[in-house]
Amino acid sequence: MLTPIIVLTSIALFCGACLTLAARSLPADGDAVVSEIDALLPQTQCAQCGYPGCRPYAQAIADGEAAINRCPPGGDATIAALARLLDRDIIALDADLPPPAPPMLALIDEAQCIGCARCLPACPVDAIIGSHQYSHTVVNALCTGCELCIAPCPVDCISMVPDRRQTA
Amino acid sequence: MTTAATEDLYRLPGGIRLPSFKEQSRGRPIVDIPVPPKLIIPLRQHAGEPAKPIVSVGDHVLTGQRIAEASGSFSAPVHASSSGIVTAIEHRPIADRHRQDAVCIEIETDGEDTRLPDLSPITNPFAETQQTLLAAIEAAGIVGLGGAAFPTVAKLRHAIDTSIDTLVLNGVECEPYISCDDALMCASAADILYGARILLTALDLPHCFVGVESDKPEAWEAFRSAAEIDADDRLQMVRIPTVYPSGGEDQLVYLMTGREVPTGGYPSDVGALVHNVGTAAAVANLALTGMPMISRIVTVTGDGVARPGNYRVRFGTPMADVAAAAGGYTESAKRLIMGGPMTGLALTSDALPVTKASNCLLFTGPAIQTSREPERPCIRCGECARICPVRLQPQQLYRAHQFEQGDTLDALGLIDCIECGCCDLVCPSHIPLTHSFRTAKQQRKLEVYERERASRAKERFEQRRARDEQRAQSESENLRALKDKASRDAIAEILARKQPNKSDDD
Chain A
1 MLTPIIVLTS
11 IALFCGACLT
21 LAARSLPADG
31 DAVVSEIDAL
41 LPQTQCAQCG
51 YPGCRPYAQA
61 IADGEAAINR
71 CPPGGDATIA
81 ALARLLDRDI
91 IALDADLPPP
101 APPMLALIDE
111 AQCIGCARCL
121 PACPVDAIIG
131 SHQYSHTVVN
141 ALCTGCELCI
151 APCPVDCISM
161 VPDRRQTA
Chain B
1 MTTAATEDLY
11 RLPGGIRLPS
21 FKEQSRGRPI
31 VDIPVPPKLI
41 IPLRQHAGEP
51 AKPIVSVGDH
61 VLTGQRIAEA
71 SGSFSAPVHA
81 SSSGIVTAIE
91 HRPIADRHRQ
101 DAVCIEIETD
111 GEDTRLPDLS
121 PITNPFAETQ
131 QTLLAAIEAA
141 GIVGLGGAAF
151 PTVAKLRHAI
161 DTSIDTLVLN
171 GVECEPYISC
181 DDALMCASAA
191 DILYGARILL
201 TALDLPHCFV
211 GVESDKPEAW
221 EAFRSAAEID
231 ADDRLQMVRI
241 PTVYPSGGED
251 QLVYLMTGRE
261 VPTGGYPSDV
271 GALVHNVGTA
281 AAVANLALTG
291 MPMISRIVTV
301 TGDGVARPGN
311 YRVRFGTPMA
321 DVAAAAGGYT
331 ESAKRLIMGG
341 PMTGLALTSD
351 ALPVTKASNC
361 LLFTGPAIQT
371 SREPERPCIR
381 CGECARICPV
391 RLQPQQLYRA
401 HQFEQGDTLD
411 ALGLIDCIEC
421 GCCDLVCPSH
431 IPLTHSFRTA
441 KQQRKLEVYE
451 RERASRAKER
461 FEQRRARDEQ
471 RAQSESENLR
481 ALKDKASRDA
491 IAEILARKQP
501 NKSDDD
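Protein sequence lines correspond, in order, to chains A and B.
Quick note: the first sequence uses the working numbering, first residue 1, plus one each step.
Quick note: the second sequence uses the working numbering, first residue 1, plus one each step.
Set out below in structure tokens:
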């Protein structure tokens with residue numbers, strides 16, 4: 001009677017010790033959580049949330065620094081998905097942020113462009129091609145409509161147009 | 001000539017026998033509709049990329065003149081349907097399921113209908129090379145006339161690239177009310193067969209099945225008495241049972257050959273190429289007259305028009321002009337449907353132009369306006385699954401759509417739905433199944449598009465960040481290396497140089 005109790009208890013203690021040791025010595029897999037959150041974000045890299053891209057925002061959510069309602073392009077659908085993943089309440093989009101808008105694309109008026117190349121480093125997904133002294137253009141298939149290229153343009157030749165291909 | 005009896009055919013799973021309502025428009029000769037004062041010719045009459053205009057406002061154009069060229073290999077050129085002055089090139093509403101409007105060229109006709117002088121018929125198409133024939137078909141703007149308006153040359157090129165052994169001419173026309181193919185077969189069976197022989201030559205194929213539905217005995221007789229059918233033993237007549245939707249491309253191939261088109265595939269995946277009889281007639285017309293595609297036969301029918309029948313209509317003719325030429329509206333005219341009652345598209349205006357895809361204009365009175373009973377919950381009777389010609393489970397698909405389960409929709413084969421409308425008809429709860437599948441398909445497409453776009457953006461963003469980090473790191477390393485070097489060699493050198501100067505001063 002006593003032997004099995006001792007044997008089972010010692011096995012349990014041994015396993016417990018091993019697991020505790022492993023959990024303390026190995027690094028926590030925070031990356032997996034961040035990746036899961038990142039997968040639910042729309043990847044526009046627009047930085048409207050206040051972080052320099054979708055993954056940094058995902059990191060901030062995982063670290064508990066940011067709320068889940070700071071993504072205007074994702075809108076209610078993204079908030080709902082994040083709430084489901086993280087087991088939190090569904091909340092409305094942060095009132096300080098612009099409301100969700102239909103998908104847009106940046107369009108450079110090539111006649112106006114002076115080839116200053118200032119919009120190139122602003123694009124988070126390298127969707128603008130061009131070079132100094134040469135007219136630039138936006139590759140539609142890569143543009144996420146983040147509007148980050150608009151501010152640096154000194155001649156205001158970039159405008160946002162509706163992404164018509166989505167409905168085609 | 002050989003003919004196959006109906007009994008030799010494979011059996012379609014599901015399908016339904018429908019009342020035909022074809023008598024209204026059948027049996028009268030085809031009448032040419034006069035050229036309207038204004039033609040509105042959309043540049044997007046076909047599946048694929050819209051054509052690019054090559055004329056400008058104020059230009060005088062002739063009948064058959066090319067006014068827009070194909071953009072890329074999956075497109076088709078557009079020609080002036082009659083002579084006149086181009087008065088506008090702008091976005092106009094069109095009859096299309098996927099879009100509200102398209103760029104249209106408006107022509108104010110001059111009533112002369114002056115033809116392009118240098119039309120060149122193909123005098124002996126059987127001696128021409130494949131490339132010549134394909135180029136001629138492409139330049140003539142010929143697209144499939146069954147309703148989907150798929151560019152014919154794209155279909156032919158794809159067929160040449162894959163191994164095709166059978167050409168199928170589709171003269172089934174299984175949807176109620178529509179009889180334009182029937183009228184064409186009765187009037188110009190010889191032309192259709194001539195076109196079929198040209199296509200056989202272009203593709204170098206040994207067989208052509210001509211499928212005619214069993215409720216079209218006149219068309220069958222017209223083919224049998226045509227001289228072509230005896231002269232060429234590659235042509236074989238097949239009588240197709242009158243079951244809806246045996247005229248669907250994939251369904252027809254299965255009925256004739258027993259080969260099932262795989263998910264998301266085309267008949268060419270099982271060695272068959274299907275063309276509508278109207279398309280073959282258009283090819284024959286091109287060879288005989290050199291005239292590109294500028295008109296088609298349109299069934300104008302329903303209780304809403306005074307003289308239902310089949311009419312030859314120039315592309316770009318407003319539907320109101322077509323109705324006027326068909327005797328005008330009757331008192332009971334209430335709705336306008338382009339296509340048939342099963343797969344057609346309800347239109348909101350009769351000012352829209354007839355295009356290459358308009359096979360039928362159905363002006364219905366109250367008789368067809370079935371009092372739409374309220375939708376009730378699904379009782380899981382399974383009638384929709386029994387009737388489905390592609391063996392789907394509409395009730396399961398409907399559930400998955402309601403709960404927005406995209407992956408389940410894919411697993412249940414949403415993409416294989418041919419939107420035939422059979423399930424709607426048999427559903428005792430009056431659930432608009434086909435409509436929800438159509439919506440679901442669009443949503444699914446959008447979701448997949450969004451997902452691809454997001455993953456592309458993510459990849460590029462991460463690559464960019466990695467590059468920035470690497471650059472920052474290498475810059476700081478360079479700086480440190482420079483500093484190290486500077487501190488050791490250069491400073492010593494400068495100091496060494498300073499030293500003698502100092503001594504000079506002394």
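All C-beta atoms, glycine included, are put in the ideal place defined by N, C-alpha and C.
The structure displayed is predicted, hence computed values, not measured ones.
Limits of the beta strand (DSSP E) - the one that residue i falls within
i	result
residue 209/B	207-213
residue 236/B	235-240
residue 108/B	101-109
residue 38/B	38-42
residue 91/B	84-93
residue 311/B	309-314
residue 1/A	Element bounds for residue 1/A: n/a, residue is neither H nor E.
CB contact below 7 Å: residue i versus chain B
i	result
residue 124/A	yes
residue 48/A	no
residue 59/A	no
residue 161/A	no
residue 78/A	no
residue 145/A	no
residue 42/A	yes
residue 75/A	no
residue 53/A	yes
residue 133/A	no
residue 112/A	no
Residue i, enclosing alpha helix (DSSP H) - first and last residue
i	result
residue 449/B	433-485
residue 285/B	277-289
residue 224/B	217-225
residue 381/B	First-last for residue 381/B: undefined, no H or E at that position.
7 Å Cβ cutoff, residue i in contact with chain A
i	result
residue 458/B	yes
residue 454/B	yes
residue 451/B	no
residue 5/B	In this prediction, residue 5/B has a pLDDT of 48, which is less than 50 and means its spatial position is unreliable; what the coordinates show is noted afterwards. Chain A contact via Cβ: absent.
residue 92/B	no
residue 461/B	yes
residue 464/B	yes
Closest residue to residue i among the options (Cα-Cα distance)
i	options	result
residue 311/B	489/B, 29/B, 468/B	29/B
residue 449/B	21/A, 103/A, 72/A	103/A
residue 91/A	107/A, 71/A, 106/A	71/A
residue 68/B	138/B, 158/B, 222/B, 145/B	138/B
residue 302/B	26/B, 479/B, 489/B, 384/B	26/B
residue 177/B	95/B, 160/B, 300/B, 445/B	300/B
residue 339/B	212/B, 78/B, 323/B, 362/B	362/B
residue 150/B	478/B, 356/B, 327/B, 116/B	356/B
residue 288/B	59/B, 335/B, 126/B, 159/B	126/B
residue 55/B	90/B, 297/B, 181/B, 24/B	90/B
residue 452/B	58/A, 144/A, 164/A	144/A
residue 424/B	295/B, 438/B, 415/B	438/B
residue 399/B	436/B, 124/B, 42/B, 237/B	436/B
residue 72/B	51/B, 395/B, 130/B	51/B
residue 162/A	146/A, 152/A, 151/A	146/A
Assumed close pair residue i, residue j - CB separation to whole angstroms, cut-off 8 Å
i	j	result
residue 346/B	residue 337/B	5 Å
residue 242/B	residue 17/B	7 Å
residue 332/B	residue 304/B	6 Å
residue 205/B	residue 165/B	7 Å
Same chain only: Cβ atoms within 6 Å of residue i, ignoring 5 sequence neighbours per side
i	result
residue 97/B	345
residue 413/B	392
residue 155/A	112, 114
residue 195/B	280, 281, 283, 284
residue 109/A	157
residue 216/B	182
residue 175/B	340, 342
Cut-off 8 Å between Cβ atoms - residues of its own chain near residue i, not counting five sequence neighbours on either side
i	result
residue 429/B	375, 376, 377, 378, 379
residue 156/B	134, 137, 199, 202, 203, 273
residue 420/B	244, 245, 248, 342, 343, 389, 434
residue 132/A	115, 116, 117
7 Å CB neighbourhood of residue i in its chain, flanking five on each side removed
i	result
residue 53/A	45, 47, 124
residue 40/A	78, 81, 82, 85
residue 114/B	62, 63, 83
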